[in-house]
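Under the working numbering, residues 7 to 329 are what the sequence shown spells out, in order.
Structure, as structure tokens:
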Amino acid sequence: MSPTNKAGKTKFQLDLRRHLREHYVNENLTHLICEIAEASKYIIHSISTGDLGVAGTSNLYGEQQLALDVLADRILRKRLDHSRVVANMMSEEMDEIIPVSPDCDGKYSVAFDPLDGSSLVDVNLAVGTIVSIFEGCDLLQPGRKQVAAVYVLYGPRTTLVYSVGKGVHEFGMNMLREYTLLQENITLEPQGNLYSPGGQRNLYTPGVEAYVNKLEERGVKLRYSGGFVPDINQILLKGQGIFFYPHLKNQPQGKLRLLFELSPMAFLIEQAGGAASDGHRPILDLQPEQIHERSPVFIGCKKDVALAEEFIRKLEDDKSKTG
7 MSPTNKAGKT KFQLDLRRHL REHYVNENLT HLICEIAEAS KYIIHSISTG
57 DLGVAGTSNL YGEQQLALDV LADRILRKRL DHSRVVANMM SEEMDEIIPV
107 SPDCDGKYSV AFDPLDGSSL VDVNLAVGTI VSIFEGCDLL QPGRKQVAAV
157 YVLYGPRTTL VYSVGKGVHE FGMNMLREYT LLQENITLEP QGNLYSPGGQ
207 RNLYTPGVEA YVNKLEERGV KLRYSGGFVP DINQILLKGQ GIFFYPHLKN
257 QPQGKLRLLF ELSPMAFLIE QAGGAASDGH RPILDLQPEQ IHERSPVFIG
307 CKKDVALAEE FIRKLEDDKS KTG
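The structure is reproduced here in structure tokens:
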């Protein structure tokens, strides 16, 4: 039930656009974030009513694209193209940067994963959209230079989480398909009691295996959905935990993409008081050399991330130096 004032009337619920304005976000960035929110309304409608089959195309990784992947990509690209505030955009589904405007002044470059975890849709599990926003024309920058990051979670309810470097805030889609504020300034505890591990455990390196053993000895519970957005959302809203998809014996660069997934989520987690690392240094300090670069990731509570780095340093880095 909505909160009421003394007269018994429903109080005004702070919507996304007003919240951005009250945090003194400039007009063009406010417009861009609201366009992303608008696109998500069409994406959730497509998930609810659309074709779950294969689109008959493959992305640059050789993975078959679902019809929903392609549709979500088109929806988001169209909204960004018509926003008039985007200079360049890059989709995880594409193999090159898409120029929108030659004029960079006051405009933004946007990288996005239109439907992260799309293979989970046909079994009715939560999926999401992830967006990273940089000022100007350059997308190949360290994540610390982002001016905003957004994700939308399509689950039992649709929620949007954003940061412009002034805290992390959650909004929920109401019956009128409007986003209204659920909570402001989400924060993480220094250490958590849940972990979400990606990758095959028999392929973990010695440092990562020892780290997992330490977590389990501490009684940390495994909570893994198979989707990056719902797992990060769980950590943020519970205020504790760690997600990791580490370097594997046969996959030293991990699985997740720096530009489309890791940088925006690292931005949000750091804004909530957490940390994100590739096992050696902060994700936000990594300089991407190519569009679809991958990286290992340990992201969540600060102490849990620092512990992962400690095990990797002691059991892998130090041994490689002496060996």
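Glycine is no exception: its CB is placed at the ideal position from the N, C-alpha and C atoms.
Going by the beta-carbon positions, is the gap between G149 and A272 smaller than 9 Å?
-> Yes, they are a contact pair.
Do V158 and L166 have their CB atoms nearer than 9 Å?
-> Yes, they are a contact pair.
Rounded C-alpha distance that separates N130 from P196 | Straight-line Cα distance between these residues: approximately 33 Å.
As assigned by DSSP and simplified to three states, the class of V226 | It is coil, neither helix nor strand.
Could you pull the start and end residues of the beta strand (DSSP E) that Q189 belongs to?
-> Where Q189 is concerned, the enclosing beta strand (DSSP E) stretches over 185-189.
In the stretch 205-270, which residue ranges form an unbroken beta strand (DSSP E) of at least 3 residues, counting only runs that do not cross its ends?
-> Assignment of beta strand (DSSP E) within the stretch 205-270, counting only whole runs of 3 or more residues, yields 248-251 in chain order.
Out of L146, I248, A312, point me to the one whose CA is closest to Q296's CA.
-> The shortest Cα separation from Q296 among L146, I248, A312 belongs to L146.
Can you check whether the CB of P294 is closer than 9 Å to the CB of Y251?
-> Not a contact, by the Cβ cut-off of 9 Å.
C-beta neighbour in chain C for L187, strict 9 Å | No chain C is part of this structure, which consists of one protein chain only.
V170 by DSSP, collapsed to three states: which one?
-> V170: coil per DSSP, three-state reduction.
Contiguous alpha helix (DSSP H) assignments of at least 4 residues, all confined to the stretch 69-141 | Every alpha helix (DSSP H) stretch that sits fully inside the stretch 69-141 and reaches 4 residues is listed by chain position as 73-87.
With a floor of 4 residues, list each alpha helix (DSSP H) that falls wholly inside the stretch 277-323, ordered by position along the chain.
-> With a minimum length of 4 residues, the continuous alpha helix (DSSP H) runs that stay inside the stretch 277-323 are 308-318.
Any idea which residues DSSP pairs Q152 with across the strands?
-> Beta-bridge annotation (DSSP): Q152 is paired with F140.
Name the two residues that bound the continuous beta strand (DSSP E) containing L38.
-> Looking at the DSSP string, L38 is not in any beta strand (DSSP E); the run it does join, the alpha helix (DSSP H), is 33-55.
Excluding five sequence neighbours on each side, which residues of the same chain lie with their C-beta closer than 7 Å to the C-beta of C110?
-> Around C110, the same chain offers A93, G142, C143 as residues with beta carbons nearer than 7 Å, after the five sequence neighbours per side are excluded.
Cβ-based neighbour list, G62, same chain, cut-off 6 Å, excluding 5 preceding and 5 following = For G62, the predicted model reports a pLDDT of 43, less than 50, meaning its position is unreliable; a value from the coordinates is still stated below. For G62, same chain residues with a beta-carbon under 6 Å away, outside a window of 5 residues either side, do not exist.
Determine contact between the stretch 215-230 and the stretch 175-182, defined as no fewer than three beta-carbon pairs at a distance below 8 Å.
-> No, because fewer than three Cβ pairs between the stretch 215-230 and the stretch 175-182 fall closer than 8 Å, the two stretches do not touch.
Note down, in chain order, each residue of its chain lying with its Cβ closer than 6 Å to the Cβ of L274, except the 5 sequence neighbours on either side.
-> The beta carbon of L274 lies closer than 6 Å to those of A155, S169, V174 in the same chain, with the five residues before and after it left out.
Quick one: what's got a C-beta closer than 7 Å to H25's C-beta in the same chain, skipping five residues either side?
-> The beta carbon of H25 sits closer than 7 Å to those of H175, L187, all from its chain and outside the five residues before and after it, given in chain order.
Would you be able to state if there are at least three C-beta pairs under 8 Å between the stretch 79-90 and the stretch 233-244?
-> Contact between the stretch 233-244 and the stretch 79-90 is not established, with fewer than three Cβ pairs separated by less than 8 Å.
Of the residues S46, A312, A117, A45, the one placed nearest L221, counting alpha carbons only = Nearest option by C-alpha distance: A312.
C-alpha distance - Y201 paired with P302, whole-angstrom precision | If I take the Cα positions, the gap works out to 16 Å.
Measure from the alpha carbon of T164 to the alpha carbon of each residue in G134, A281, D122, L264, then state which is nearest.
-> By alpha-carbon distance to T164, the top candidate from G134, A281, D122, L264 is G134.
Best match in A73, E44, L292 for proximity to Q152 [C-alpha to C-alpha] | Per the Cα distances, L292.
Could you check the C-alpha separation between Y210 and D323 for me, to the nearest Å?
-> For Y210 and D323, the distance between alpha carbons rounds to 15 Å.
Supposed close pair L126, G233 - CB separation, criterion 8 Å | That pair is a contact at about 5 Å.
Going by other Cβ atoms of all chains shown within 10 Å of its Cβ, with 16 needed for buried, is H51 buried or exposed?
-> Flag for H51 reads exposed.
Where L22 falls: helix, strand or coil (DSSP) = Judged by DSSP in its simplified three-state form, L22 adopts helix.
Report all residues from its chain with a CB closer than 7 Å to the CB of S124; omit the five preceding and five following residues, and keep chain order.
-> A distance below 7 Å between beta-carbons, with the five flanking residues on each side excluded, links S124 to the following residues of its chain, in chain order: L72, L74, D75, V133.
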